[in-house]
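Sequence lines, in order, name chains A and B.
Using the numbering used here, the first residue of the first sequence is number 135, and each one after it goes up by one.
Using the numbering used here, the first residue of the second sequence is number 5, and each one after it goes up by one.
A quick write-up on the structure given underneath.
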Amino acid sequence: MSRRLALVTGGSRGIGRAIAARLAGEGWDVVAVARHAPDPLPEDFAFRACDVSEPEAARAVIAGLPRLDALIAAAGIAGAGPLDPSGDELWHRTIAGNLHATYYCCSAAVPRLPDRTGRIVTIASTLGLRGVPGQTAYCAAKHGVVGYTRALALALAPRGITVNAICPGWTDTDMAAQRFVELGISREQAAAGVPIGRIAAPEEIAALTSFLLSPEAASMTGLALPVDGGGLASP
Amino acid sequence: MPSRDLTGRRAIVTGHRGGIGAAIVRALEEDGAEVIGLDLPEFDLADTAALEPRLADLITARGPIDILVNNAGITVLGSVLDTPLDEVERVFRVNFLAAYALMRAVLPGMVARKQGAIVNIASDQALIGKQVSAAYGASKAAIAQLSRSAALDWARHGIRVNCIAPGSTQTPMLARVIGELAARYPDRFAASSDAAYRAAVPLGRFADPAEIAAAVAFLCSDAASFITGVILPVDGGGTAQ
Numbered sequence: 135m136s137r138r139l140a141l142v143t144g145g146s147r148g149i150g151r152a153i154a155a156r157l158a159g160e161g162w163d164v165v166a167v168a169r170h171a172p173d174p175l176p177e178d179f180a181f182r183a184c185d186v187s188e189p190e191a192a193r194a195v196i197a198g199l200p201r202l203d204a205l206i207a208a209a210g211i212a213g214a215g216p217l218d219p220s221g222d223e224l225w226h227r228t229i230a231g232n233l234h235a236t237y238y239c240c241s242a243a244v245p246r247l248p249d250r251t252g253r254i255v256t257i258a259s260t261l262g263l264r265g266v267p268g269q270t271a272y273c274a275a276k277h278g279v280v281g282y283t284r285a286l287a288l289a290l291a292p293r294g295i296t297v298n299a300i301c302p303g304w305t306d307t308d309m310a311a312q313r314f315v316e317l318g319i320s321r322e323q324a325a326a327g328v329p330i331g332r333i334a335a336p337e338e339i340a341a342l343t344s345f346l347l348s349p350e351a352a353s354m355t356g357l358a359l360p361v362d363g364g365g366l367a368s369p
Numbered sequence: 005m006p007s008r009d010l011t012g013r014r015a016i017v018t019g020h021r022g023g024i025g026a027a028i029v030r031a032l033e034e035d036g037a038e039v040i041g042l043d044l045p046e047f048d049l050a051d052t053a054a055l056e057p058r059l060a061d062l063i064t065a066r067g068p069i070d071i072l073v074n075n076a077g078i079t080v081l082g083s084v085l086d087t088p089l090d091e092v093e094r095v096f097r098v099n100f101l102a103a104y105a106l107m108r109a110v111l112p113g114m115v116a117r118k119q120g121a122i123v124n125i126a127s128d129q130a131l132i133g134k135q136v137s138a139a140y141g142a143s144k145a146a147i148a149q150l151s152r153s154a155a156l157d158w159a160r161h162g163i164r165v166n167c168i169a170p171g172s173t174q175t176p177m178l179a180r181v182i183g184e185l186a187a188r189y190p191d192r193f194a195a196s197s198d199a200a201y202r203a204a205v206p207l208g209r210f211a212d213p214a215e216i217a218a219a220v221a222f223l224c225s226d227a228a229s230f231i232t233g234v235i236l237p238v239d240g241g242g243t244a245q
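See the structure below:
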């Protein structure tokens, strides 16, 4: 029997890379895609350069896979969000990089996933479940990812394919580090705002992803699961 | 790498003789935990007055607890007018007060050792309303909210508190409920097979108790080290609708 194949978008760094590495370690064949190749290239999983916010590119990379058992849509971009029309470009780029990219990949994956064992995990954000004033576009995009995930889960339920969103809080990634700079806060200040007192490791997001891909999680679908150290328990 | 292994951890599981409870015990033991079950007939969780001293004695005898799974629950069907206060009290004693007492019993040891995981088993009725389930639904919403509040209180002490919200799960309790609904409310709930109930689940089937247990074991383990204060539905897509 051939090994199961997982496609991880946003797989060059951060959460996507941790997911790709974990799944490879668990015996999956993993193909990671991202706009830019990591240097050095990973040794434990395959990498292909692809901007999944471009529909033809996303569809081509999925069409080129020999098979597909699981899609992990982890590609995303930061983008605070405009409050006036001067920010149209930022608005559209943020929605495209988070929501459209997720849609392009999921819709291309749906016909290829096997019934009963197929799996989709989208990486949303706690900002997909709550509002943050300086993050209008990002919140809109991630709420969109959550809504799309729930509806897609119901659409694919008759095939026994599960679709779930993971909603990470602050996670120790390059993207978060960049946000700390933009917000003028330190990593420690961010950690102090989390009930558990620290930010997440990307490996902790990967651990839940791994569980959601397992046969044990076959009854879990349409969920938006926070991995946020208690953040959403107390908005 | 955050691991599922529970070797060396001591767990209490209430209601361990029920359908879901027995599966939870199996899952925790498979992952290496030592499990203490509390259930009828020898341990009556509804006997609220006796609970705290009995639990103190148990922990003195067996040692500190790393994992608590408040799984025991009873159902009572009925609207507000159908359910007298003494019935509501009985449901809350088992579904809420016993879980609360268990948390009071294990938390001091968890705080002292700066580690612990608590999982409360609620119901999808913690998140959605169902007909003729006034007392039961309220008791499950109560335990879910307690989970969130306690998660915040103990987050800085290395203790995680989460809640699982199972949808319809293939257990004797579910079979009883389906039968009783048809018998007591024939105008609203058709008799016959449970096919209609399965069809109401997006995945088209009930959960297996082992699937609830797997989620419990995951949340109890270090694989869930950043997950706290979460209500996790295991419901075949029911609450996504």
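All C-beta atoms, glycine included, are put in the ideal place defined by N, C-alpha and C.
> Cα separation between A209(A) and D185(A)?
Replying inline: Distance between A209(A) and D185(A), taken at the CA atoms: about 9 Å.
>> Is the separation between the beta-carbon of G144(A) and that of I257(A) shorter than 9 Å?
In response: I257(A) is positioned such that its CB atom lies closer than 9 Å to that of G144(A).
> Taking the DSSP output, what are the residues bridged to F230(B)?
Replying inline: F230(B) pairs with nothing; no bridge assigned.
> Is G268(A) near G327(A), with beta carbons less than 9 Å apart?
Replying inline: 9 Å or more divides the Cβ of G268(A) from the Cβ of G327(A).
> What number of angstroms, rounded off, separates the C-alpha of A221(B) from the C-alpha of A324(A)?
Replying inline: If you draw a straight line from the Cα of A221(B) to the Cα of A324(A), it is about 30 Å long.
>> Using only the alpha-carbon positions, how far apart do R31(B) and F230(B) sit?
In response: Looking at the sequence shown, residue 31(B) is not Arg but Ala. In a straight line, the C-alpha of A31(B) is about 21 Å away from that of F230(B).
> chain A partners of V220(B), CB-CB under 9 Å?
Replying inline: By Cβ distance, chain A contributes nothing, its closest Cβ being about 11 Å from V220(B), past 9 Å.
> Exposed or buried, which one is K118(B) when buried takes at least 16 other CB atoms within 10 Å?
Replying inline: Burial state of K118(B) is exposed, judged by a 10 Å Cβ sphere holding fewer than 16 other Cβ atoms.
>> Considering only heavy atoms of the ligand MN, does any lie closer than 8 Å to the CB of V123(B)?
In response: For the ligand MN, the structure offers nothing, since it holds no ligand at all.
>> Which of the three DSSP states is assigned to G41(B) in this structure?
In response: The answer is strand: DSSP assigns G41(B) an E or B state.
>> Just list the residues that DSSP pairs N99(B) with in beta bridges.
In response: Per DSSP, N99(B) has no beta bridge partner at all.
> What did DSSP end up calling T79(B) once you bin it into helix, strand or coil?
Replying inline: In the structure shown, T79(B) sits in coil (DSSP, three-state: anything other than H, G, I, E or B).
> Would DSSP call D163(A) helix, strand or coil?
Replying inline: In the three-state reduction of the DSSP assignment, D163(A) falls in the strand class.
> Do A243(A) and N298(A) have their C-beta atoms within less than 9 Å of each other?
Replying inline: A distance of 9 Å or more separates the beta carbons of A243(A) and N298(A).
> Going by the beta-carbon positions, is the gap between L247(A) and L286(A) smaller than 9 Å?
Replying inline: No, Cβ-Cβ distance for L247(A) and L286(A) is not below 9 Å.
> For the region 92–103 of chain B, which residues have a beta carbon sitting closer than 7 Å to at least one beta carbon of chain A?
Replying inline: Listed by position along the chain: nothing, the set is empty.
>> Cutting at 7 Å between CB atoms, please list the residues of its own chain near G318(A), excluding the five before and the five after it.
In response: Closer than 7 Å at Cβ, skipping near neighbours: no residue.
>> Within 10 Å of its beta-carbon, does H20(B) have 16 or more other beta-carbons around it, so buried, or fewer, so exposed?
In response: Answer is buried; the Cβ neighbour count reaches 16.
> Does any residue of chain A bring its CB to less than 9 Å from the CB of D51(B)?
Replying inline: Any Cβ of chain A closer than 9 Å to the Cβ of D51(B) would place that residue at the interface, and such an atom is absent.
> On the premise that P302(A) lies in contact with A334(A), defined as a C-beta separation below 8 Å, what is that separation, rounded to the nearest angstrom?
Replying inline: Taking the Cβ atoms as the reference, A334(A) lies roughly 6 Å from P302(A), within the contact range of under 8 Å.
>> Taking 7 Å as the limit between beta carbons, can you name the residues of its chain near D288(A), skipping five residues before and five after?
In response: Position check: residue 288(A) holds Leu in this sequence, whereas Asp was assumed. So the qualifying residues of the chain are G356.
> Which chain A residues sit within Cβ distance under 7 Å of R152(B)?
Replying inline: Result: A367.
>> So if DSSP puts V73(B) in a beta bridge, which residue, or which two residues, is it bridged to?
In response: Answer is V17(B), V123(B), bridged to V73(B).
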